[in-house]
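In my numbering, the protein residues as written are 3 to 607.
Below you can see the structure in the form of structure tokens.
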């Protein structure tokens with residue numbers, strides 16, 4: 003995670019943890035081993051100067067649950083002076099191989115991945131004091147580059163460490179909790195390591211392991227990313243970032259949640275990068291391809307996403323037919339592939355809200371949601387629910403109760419059938435009473451044929467507008483069922499063009515969808531007839547300068563709510579137009595609408 007850096011901050015420490023031995027808020031440093039330092043506290047931060055000294059074994063607090071008075075880091079650590087030791091040779095790099103011990107406490111067990119842009123390595127390690135697994139992010143010293151302002155990456159590491167400490171109080175179920183920070187110069191770090199963070203270990207699988215056997219079901223993918231999007235939303239509200247735009251920083255928990263496992267993102271990461279990372283994670287779960295850095299995908303064991311010859315990313319629906327339109331649009335919007343206008347997703351909060359709606363809609367559509375998917379339990383299956391019910395199919399008591407229930411049901415059915423037979427017999431058997439005669443209602447005499455009702459104005463004669471062509475108008479997508487839109491002109495209302503079925507109403511993911519009708523020449527259209535079996539659909543009728551015009555370039559004429567069957571829409575024919583847009587802003591029930599036929603007419607003469 004990352005945050006805003008106060009000027010003049012040179013004091014570092016770790017977030018306190020109730021299970022760790024804590025000495026002035028930093029479990030890795032003992033102030034008794036640090037020479038006295040001079041502190042100056044101001045409104046923008048605290049500065050400290052001290053020199054390193056040999057680090058002793060940490061002393062436990064008098065009470066195992068003791069906590070300091072504040073959760074803010076308070077430990078004093080060595081000042082971040084530019085190191086003067088030589089660049090580590092290859093044999094020095096062996097100091098951080100599997101089995102290496104950092105600060106006499108954290109033993110590296112398995113390297114999970116690397117983030118070259120941040121100069122970081124991700125390790126599964128063991129805390130030998132508390133005997134538990136932890137996730138360690140190591141910051142490597144970069145090869146010397148005299149052309150760089152930061153030849154060995156020491157300034158980079160210092161900034162990442164300080165910002166990590168500022169996020170020490172951040173806790174969320176979608177992110178591993180920061181336990182310890184090893185600042186630059188800490189005794190016990192190998193020469194090629196500039197610092198490290200220690201976080202709770204996230205059990206489960208890596209992203210590559212999760213999609214190794216195939217893409218994840220769309221709803222499970224949405225539910226997985228929802229948890230991480232919630233964490234990103236809360237972090238951004240606190241001025242922090244997660245750095246979840248790297249595939250190896252995220253792991254999938256046994257209950258199917260995506261969780262940030264490795265901290266210390268690169269200094270340049272921003273909230274916008276987090277949004278792209280969330281989109282990339284959803285894209286990868288749906289397609290098994292990583293859409294961001296090609297180098298990162300190779301290191302993570304993932305396939306790089308496919309692109310068109312023009313360099314545009316192929317959408318999940320293009321790679322995997324059946325992906326819901328909402329998730330397809332959300333992926334492309336978060337990845338910045340929806341253009342500069344409508345459809346872009348700019349914040350983690352917006353993405354979290356949309357994912358929550360998709361997950362909730364899926365739950366609502368299940369009339370009898372199953373307790374589980376019926377698959378046999380697998381200890382390594384990250385998608386099995388931990389609260390699934392035990393198998394009771396062979397339970398004798400259950401079978402006995404089932405037989406009793408079926409017997410009671412059969413008796414009830416017989417009683418109902420007997421009652422119905424009596425009622426039917428009485429209905430058709432006759433009662434002997436005289437029939438009830440209802441006199442006909444008085445009706446007004448019909449007007450002679452060919453005469454109009456008194457006071458009614460004669461209807462203006464109209465003629466149909468011919469030579470009409472249509473196309474789907476969808477500025478934020480590829481057009482819903484574009485291959486069947488010609489059905490609205492085939493003269494048969496039974497053949498329809500339908501929109502896609504959406505999980506939520508407009509304008510959650512897109513502002514609308516429409517049909518653009520074009521004439522061979524500008525026409526003074528005076529009437530529009532829409533035949534539809536989707537009552538409640540709201541249509542804006544707009545004139546357009548061309549068939550390729552944007553929505554902003556069209557002019558509203560009127561708005562109508564469709565009835566079941568024909569809806570006649572009178573139009574102002576004062577200005578001839580060559581293109582008319584039927585822009586659907588509200589869908590019918592089920593978040594889907596259909597149009598069977600449209601017809602235009604103009605005044606005769």
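C-beta atoms are modelled at their ideal positions from N, C-alpha and C, and glycine is treated no differently.
In this structure, DSSP gives residue 250 a helical state, which the three-state scheme calls helix. Scanning the stretch 198-267 for uninterrupted alpha helix (DSSP H) segments of 4 residues or longer gives 209-212, 220-239, listed from N- to C-terminal end.
Just measuring C-alpha positions, the residue of 219, 128, 409 sitting nearest residue 289 is 219. Between the stretch 272-281 and the stretch 311-318 there are fewer than three inter-stretch CB-CB distances shorter than 8 Å, so the stretches are not counted as touching. When DSSP states are grouped into helix, strand and coil, residue 537 belongs to the coil group. Distances from the alpha-carbon of residue 183 to those of 193, 194, 202, 568 put 202 closest. For residue 472, the enclosing beta strand (DSSP E) starts and ends at 470-475. Within the stretch 271-352, not a single complete beta strand (DSSP E) segment reaches 3 residues in length. At the C-beta level, residue 497 and residue 596 stay beyond 8 Å of one another. Taking 8 Å as the cut-off, the beta carbon of residue 583 is found no closer than this to the beta carbon of residue 600. Apart from sequence neighbours up to five positions away, the residues of its chain that approach residue 594 with a beta-carbon distance below 8 Å are 500, 501, 502, 503, 504, 536, ordered along the chain. Look at residue 555 here: in three-state DSSP terms it is helix. Scanning the stretch 91-135 for uninterrupted beta strand (DSSP E) segments of 3 residues or longer gives 108-117, 122-129, listed from N- to C-terminal end.
Taking all protein chains in view, the Cβ of residue 548 is surrounded by fewer than 16 other Cβ atoms within 10 Å, so the residue is classified as exposed. Closest by C-alpha distance to residue 176, out of 262, 321, 405, 590, is 262. For residue 252, the closest of 205, 269, 274 by C-alpha to C-alpha distance is 205. When DSSP states are grouped into helix, strand and coil, residue 420 belongs to the helix group. In terms of Cβ geometry, residue 604 and residue 528 form a close pair [threshold 8 Å]. Classified as buried, residue 276 has 16 or more neighbouring CB atoms from the shown chains inside 10 Å of its CB.
Classified as exposed, residue 413 has fewer than 16 neighbouring CB atoms from the shown chains inside 10 Å of its CB. Segment contact: the stretch 182-196 against the stretch 228-246, fewer than three CB-CB distances shorter than 8 Å; contact not assigned. In chain order, 176, 354 place their CB closer than 6 Å to the CB of residue 232, counting only its own chain and leaving out the 5 sequence neighbours on each side. In this chain, residue 184 is not harboured by any alpha helix (DSSP H); it is covered by the beta strand (DSSP E) spanning 180-184. It is roughly 16 Å from the alpha-carbon of residue 417 to the alpha-carbon of residue 407. Non-local beta-carbon contacts of residue 356 in its own chain, meaning distances under 6 Å to residues more than five positions away in sequence, involve 332 in chain order. By the CB criterion at 8 Å, residue 573 and residue 543 fall inside the cutoff. Around the beta carbon of residue 348, fewer than 16 other beta carbons sit within 10 angstroms, so the residue counts as exposed.
For residue 587, the enclosing beta strand (DSSP E) begins and ends at 579-588. Shown here, residue 196 sits in a strand according to DSSP, grouped into three states. Scanning 117, 483, 519 for the CA closest to the CA of residue 269 turns up 117. Within the model, the alpha-carbon separation for residue 495 versus residue 410 is close to 50 Å. Residue 522 sits in a strand when the DSSP states are folded into three classes.
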